[in-house]
Amino acid sequence: MADEQGSEIGKGADARPLAGIRVFELSIAVAAPCCGKILTHHGAEVFKVEARSYPDVARLFGSAWARDPELADVFCDTSPYLPEMSAGKRSVGLEMKLPEGLEAAQRLLATCDVFLTNFAAPGIAKLGLDYASAAKVRPDIIYAGMTGFGVDPDKPYYPFRAFGPNQAPLVGWDALTGFPHEEPAGIASIAPPDYMGGLHTTLAILSALHERDQTGQGRFIDISQLETTVSFLGPYLVGRDLGVPETIRNGNRVPWAAPTGIYPGAGDDVWVAIEVPSDEAWRSVAALAEWSVIESDDGSGQPALSTYPHETLADRIANHDAIDAELSAWTARRSPQQAAAELQAVGVAAYEVLDHRGVLADPQVHDRRPYSVAPCPRLGRDLFVRDPLRMSATPPYVTRAGPNMGGDTVDVLTEMGYSGTEVERLIADGAVFTDARPEVVLQRPFDRWYESVDIAEIYDGGATVAGSGQ
Amino acid sequence: MSAAQQQPAQQRPAQNRPSQQRQGPWTGTRVLDLTGLAGAYGTRVWAALGADVICVEPPAGNPIRRMPPLAPGQDGPEASLWWAYYAASKRSVVLDPTNADDAAALLDLIGSAEVVLDDALPATQEIYPWLADRGEGGLGVAGIVEKFPHLTWVSVTPFGMTGPRRSWNSSNLIGWASCGLASTVGFPHGPPLVPGGEIGVLMHGASLYGVIGAMLSLRSRGQAVARGEPALGQTIDLSLQEVGLWLSPETGVPLYLDDQVLRPRAGNRRPVTSPMGMYPASDGYVAIIAIQPAHWNAMAQWVSEITGNDGILDEIFVDIVVRREALEAVDAWVEELTTQFTKQELFVEGQRRRIPITPVNTVGDLRNDPHLEAVGWWRTEEHPVLGSYTVPGSPFTTDGDWWAWQRAPMLGEHTDEVLGELT
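First to last, the protein sequences are chains A and B. Under this note's numbering, the residues of the first sequence are numbered 2 to 471, in order. Under this note's numbering, the residues of the second sequence are numbered 3 to 425, in order.
Written out as structure tokens, the structure is:
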């Protein structure tokens with residue numbers, strides 16, 4: 002099936018669900034870009050409108066190997082974030098603080114079905130791209146604004162700054178991450194609230210498109226990320242009014258399964274995650290671990306587990322620390338992979354806690370190839386994660402990585418009816434810009450490395466998407 | 003015969019049909035939810051946007067009905083606050099998988115739906131146990147989809163429908179472990195940690211993605227019909243592990259391939275510069291990120307004003323590298339400020355000074371948050387067993403009448419009603 006569908010990609014009409022939908026994306030970092038990314042992979046034509054006067058931080062990160070003064074002008078095209086967030090999008094360089102740049106933006110907007118932004122509400126209003134302004138240009142626009150705290154200037158946090166890494170503490174997720182006897186550990190290394198905001202926004206845009214198909218009307222969508230991400234605390238917030246004691250961070254434990262946790266494996270800083278969901282599964286663990294060989298501390302020679310009750314969930318929660326000590330002794334004698342395989346063989350949920358080297362070696366990753374490699378104007382080709390929806394009839398894909406900052410400006414302006422002379426004048430005036438030195442094609446250090454592993458589907462720029470098969 | 007099927011449809015009063023109370027863009031779309039947590043959050047949102055989401059439950063109820071926290075004094079199938087929250091606006095139909103008539107009813111119900119969400123492991127989906135006793139050698143998902151080609155069948159599974167680990171069990175914890183992200187969260191001296199703990203962030207993300215897939219498929223089907231082609235659905239294979247890989251670019255494989263640096267667990271302060279991370283307030287913690295010079299200058303000014311520390315205003319500290327080298331000293335100076343105020347005071351005053359600072363809120367803090375109160379976010383629900391309680395409002399808003407929230411269904415509350423609609 003997959004091969005037959007693959008052979009169709011790039012040939013006849015684009016059957017993807019969002020083919021023909023045009024999206025004006027004015028975005029920064031993760032929250033809106035990851036929404037535009039989903040739309041792109043499913044067929045939408047997404048215009049990432051960028052300005053040199055307020056570049057996306059994903060551009061500013063660049064790449065460590067590209068910190069060379071001679072590459073300063075193309076550094077912005079080298080960040081690995083870029084294909085992750087924007088592969089398949091078209092980058093249009095418009096300085097919208099200048100009248101002619103804003104006019105070009107409005108002409109582009111007039112051709113678009115969706116306006117997507119995570120610029121702060123006060124800033125977007127100052128640019129003249131708030132909903133009221135956008136709807137004048139395109140009355141049936143579906144306008145998705147991802148703000149920190151909504152669009153009502155009279156509300157307390159309206160002027161406050163939402164900032165990706167500060168969202169998890171604000172919305173309660175950080176305080177729930179860690180052990181009860183320690184400070185909260187927080188989630189500083191990743192920004193799951195941004196992605197969850199992006200998923201909600203995607204769902205909202207698809208709903209508005211569905212509605213527009215029936216009514217012909219556009220829609221204003223206010224994704225205030227405070228409310229969006231606090232929504233994941235629902236059961237615990239409901240409990241506040243019903244007299245349920247407040248839940249605090251509880252390590253890796255959950256109140257509906259025990260033992261549950263992350264346990265040390267044989268080796269340095271290697272771990273296995275285990276969740277035992279039922280009494281039956283627990284008996285399998287006990288049998289597997291041959292608890293009888295583990296003696297209790299009292300010197301009696303009795304199997305340790307017989308010294309305290311463990312048959313029911315309540316028993317195991319009450320004795321979780323003691324069980325953890327014994328389970329850790331078992332896991333510490335084998336590799337995480339072996340421990341997980343032994344536990345899964347008896348139906349217990351378990352997995353090696355992979356680091357990214359581990360992901361690259363993961364058998365499931367090698368089999369399913371969740372990454373893509375596609376041609377990239379600045380880097381020859383580049384690697385990024387695929388959309389995870391494996392749809393049998395309309396598989397998502399993109400055919401290009403990048404994009405270069407401003408790399409599609411001329412094409413897009415021309416499509417909108419600007420003459421070559423007009424485009425040249427706008428560039429000369431600084432109202433629009435194109436990518437720096439498009440002839441400079443670099444290569445990531447890992448470029449040759451990924452040919453030797455089967456983690457990615459390779460798009461060769463031609464008619465097929467297929468596994469690398471190497 | 004189940005009791006439901008013996009009752010003629012016309013005896014059920016039409017005003018009891020929740021479909022008449024529905025509004026929102028998805029009114030008229032029927033979705034069968036056969037999942038647990040792998041679908042619950044996404045279908046909660048979809049149901050409130052008008053979709054007729056029907057939870058098909060065995061007589062003992064969906065496992066979510068047993069998940070703590072439970073309402074005090076309750077232990078029946080309505081006790082779980084997970085269920086009370088995540089099943090809102092859905093309907094509940096109880097069917098007994100060991101009863102052949104109920105199995106037939108389930109097949110009819112599937113045929114009446116546009117979308118089915120399922121979280122059974124692949125081997126189970128090959129011969130769906132609920133439908134195994136139909137005398138046809140069993141019916142798996144492939145057979146069901148063949149029988150009802152209009153259907154969109156979304157399988158949200160731990161590791162996907164293919165591959166050597168397709169039969170492995172999972173959970174929110176296992177998902178975080180298998181995508182490389184848990185390894186980056188926690189203190190250097192301790193084990194990796196699940197981001198967000200027991201609230202199930204990754205499961206909810208997967209459930210949203212599953213619903214997005216279903217909506218995309220419905221759009222694709224609608225376009226085919228508009229072109230005069232048959233209204234065909236499709237199957238969608240969504241792996242929890244791959245949803246984790248999708249939301250990991252900050253620490254993910256492409257970044258690792260680029261710089262070959264594994265992101266270690268760094269606890270709640272990032273040794274990149276100061277202040278960056280959590281700092282103690284008088285009643286908890288605040289998170290501060292002052293990387294940009296303007297943020298630092300405002301921070302230093304504030305510390306100086308409150309603590310009389312003029313040394314912090316020295317220009318050399320504007321350099322983030324200098325602040326990294328003097329990390330302990332700068333952190334200590336910042337703490338002299340933060341420990342004097344509550345986290346909410348630091349939030350409001352810090353934001354006024356344009357510093358990226360937020361409180362490390364607890365569940366209780368959020369319940370009392372002044373902004374959420376001011377925007378009128380909270381709703382009150384009346385439940386026949388649980389009584390009256392406050393619930394979070396809609397996760398986003400629009401300028402249309404999109405949302406219609408209803409309390410979670412009691413076990414089997416809509417069995418007669420829904421089966422009646424089939425006849």
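Just so it is clear, CB atoms sit at the ideal spot from N, CA and C, and this is done for glycine as well.
Best match in the options for proximity to residue i [C-alpha to C-alpha]
{"i": "Ala457 of chain A", "options": "A:Ile428, A:Asp409, A:Tyr398", "result": "A:Tyr398"}
{"i": "Ala145 of chain A", "options": "A:Tyr352, A:Leu204, A:Arg91", "result": "A:Leu204"}
{"i": "Thr253 of chain B", "options": "A:His321, A:His201, A:Pro193, A:Gly407", "result": "A:Pro193"}
{"i": "Leu314 of chain A", "options": "A:Glu327, A:Ala342, A:Glu276", "result": "A:Glu276"}
{"i": "Glu1 of chain A", "options": "A:Arg17, A:Glu51, A:Pro376, A:His43", "result": "As displayed, chain A neither begins before 2 nor continues past 471, which places residue 1 of chain A out of reach and without an answer."}
{"i": "Pro394 of chain B", "options": "B:Gln408, B:Thr400, B:Ile129", "result": "B:Gln408"}
{"i": "Val271 of chain A", "options": "A:Ile29, A:His357, A:Leu289", "result": "A:His357"}
{"i": "Gln444 of chain A", "options": "A:Ala126, A:Cys36, A:Pro81", "result": "A:Pro81"}
{"i": "Asp418 of chain B", "options": "B:Arg93, B:Thr126, B:Trp155", "result": "B:Arg93"}
{"i": "Phe120 of chain A", "options": "A:Tyr460, A:Ser285, A:Asp223", "result": "A:Asp223"}
{"i": "Ala209 of chain A", "options": "B:Tyr43, B:Val118, B:Asp403, B:Thr425", "result": "B:Asp403"}
{"i": "Arg241 of chain A", "options": "B:Gln25, B:Leu374, B:Glu384, B:Leu368", "result": "B:Leu368"}
{"i": "Leu388 of chain B", "options": "B:His416, B:Leu83, B:Pro61", "result": "B:Leu83"}
{"i": "Gln236 of chain B", "options": "A:Leu227, A:Leu390, A:Lys156, A:Gly217", "result": "A:Leu390"}
{"i": "Asp239 of chain B", "options": "A:Pro396, A:Thr400, A:Pro446", "result": "A:Pro396"}
{"i": "Leu141 of chain B", "options": "B:Ser180, B:Glu128, B:Leu123", "result": "B:Glu128"}
{"i": "Ala73 of chain A", "options": "A:Asp455, A:Pro446, A:Ile459, A:Val441", "result": "A:Val441"}
Residue i (DSSP reduced to helix, strand or coil)
{"i": "Ile459 of chain A", "result": "strand"}
{"i": "Val196 of chain B", "result": "coil"}
{"i": "Gly286 of chain B", "result": "strand"}
{"i": "Tyr391 of chain B", "result": "strand"}
{"i": "Lys137 of chain A", "result": "helix"}
{"i": "Asp35 of chain B", "result": "strand"}
{"i": "Met197 of chain A", "result": "helix"}
{"i": "Ile191 of chain A", "result": "coil"}
{"i": "Leu51 of chain B", "result": "coil"}
{"i": "Ile295 of chain A", "result": "With a pLDDT of only 47 at Ile295 of chain A, under 50, the local geometry of the prediction cannot be trusted, and no value is derived from it."}
{"i": "Lys90 of chain A", "result": "coil"}
{"i": "His367 of chain A", "result": "helix"}
{"i": "His385 of chain B", "result": "strand"}
{"i": "Leu368 of chain B", "result": "helix"}
{"i": "Met280 of chain B", "result": "strand"}
{"i": "Val411 of chain A", "result": "helix"}
{"i": "Cys35 of chain A", "result": "helix"}
{"i": "Val245 of chain B", "result": "helix"}
{"i": "Ala155 of chain B", "result": "Rather than Ala, the amino acid found at residue 155 of chain B in this sequence is Trp. Here Trp155 of chain B sits in strand by DSSP."}
Proximal residues of chain A, C-beta to C-beta of residue i below 9 Å
{"i": "Phe150 of chain B", "result": "Within chain A, no residue comes near Phe150 of chain B; the closest Cβ sits about 14 Å away, beyond 9 Å."}
{"i": "Ser173 of chain B", "result": "Val255, Ala258, Thr261, Ala274, Glu276, Pro278, Ala350"}
{"i": "Gln236 of chain B", "result": "Met392, Ser393, Ala394, Thr395"}
Chain A contact residues for residue i, given Cβ-Cβ distances below 7 Å
{"i": "Pro273 of chain B", "result": "Those do not exist, as Pro273 of chain B stays about 11 Å from chain A at its closest Cβ, beyond 7 Å."}
{"i": "Gly279 of chain B", "result": "Ala189"}
{"i": "Leu51 of chain B", "result": "Ser208"}
Within chain B, the residues that residue i reaches when beta carbons sit closer than 7 Å
{"i": "Thr229 of chain A", "result": "Pro397, Phe398"}
{"i": "Asn167 of chain A", "result": "Ala289, Ile291, Pro358, Thr360"}
{"i": "Ser336 of chain A", "result": "Within chain B, no residue comes near Ser336 of chain A; the closest Cβ sits about 14 Å away, beyond 7 Å."}
{"i": "Gly240 of chain A", "result": "Pro71, Leu83"}
{"i": "Gly173 of chain A", "result": "Asn363, Thr364, Val365, Leu368"}
{"i": "Lys156 of chain A", "result": "His373, Ala376, Val377"}
Interface residues of chain B facing residue i [CB-CB closer than 8 Å]
{"i": "Ala209 of chain A", "result": "Pro27, Thr400"}
{"i": "Ala340 of chain A", "result": "Under the 8 Å cutoff, chain B gives no residues; its nearest Cβ is about 12 Å from Ala340 of chain A."}
Contact list for residue i against chain A, beta-carbon separation under 8 Å
{"i": "Ile146 of chain B", "result": "Ordered by position in chain A, no residue passes the 8 Å Cβ test against Ile146 of chain B, which lies about 14 Å from the chain."}
{"i": "Gln408 of chain B", "result": "Simply none; closest approach about 15 Å."}
{"i": "Met217 of chain B", "result": "Leu204, Leu207, Ser208, His211"}
Residue-chain proximity (residue i, chain E), Cβ-Cβ < 8 Å
{"i": "Ala328 of chain B", "result": "No chain E appears in this structure, whose protein chains are A and B."}
Per DSSP, cross-strand counterpart(s) of residue i
{"i": "Ala145 of chain A", "result": "A:Leu117, A:Ile222"}
{"i": "Leu72 of chain B", "result": "B:Ser82"}
{"i": "Lys49 of chain A", "result": "A:Glu26, A:Ser92"}
{"i": "Arg17 of chain A", "result": "Paired residue(s): none; Arg17 of chain A is not in a bridge."}
| query | Taking contact to mean at least 3 C-beta pairs separated by less than 8 Å, is the stretch 188 to 195 of chain A in contact with the stretch 185 to 203 of chain B? | reply | yes
| request: Indicate whether the contact test is met: 3 or more Cβ pairs, each with one atom in the stretch 304 to 313 of chain B and one in the stretch 252 to 266 of chain B, closer than 8 Å. | output: no
| task | State whether the stretch 425 to 438 of chain A contacts the stretch 76 to 96 of chain A, with contact taken as three or more CB pairs (one from each stretch) at a distance under 8 Å. | result | yes
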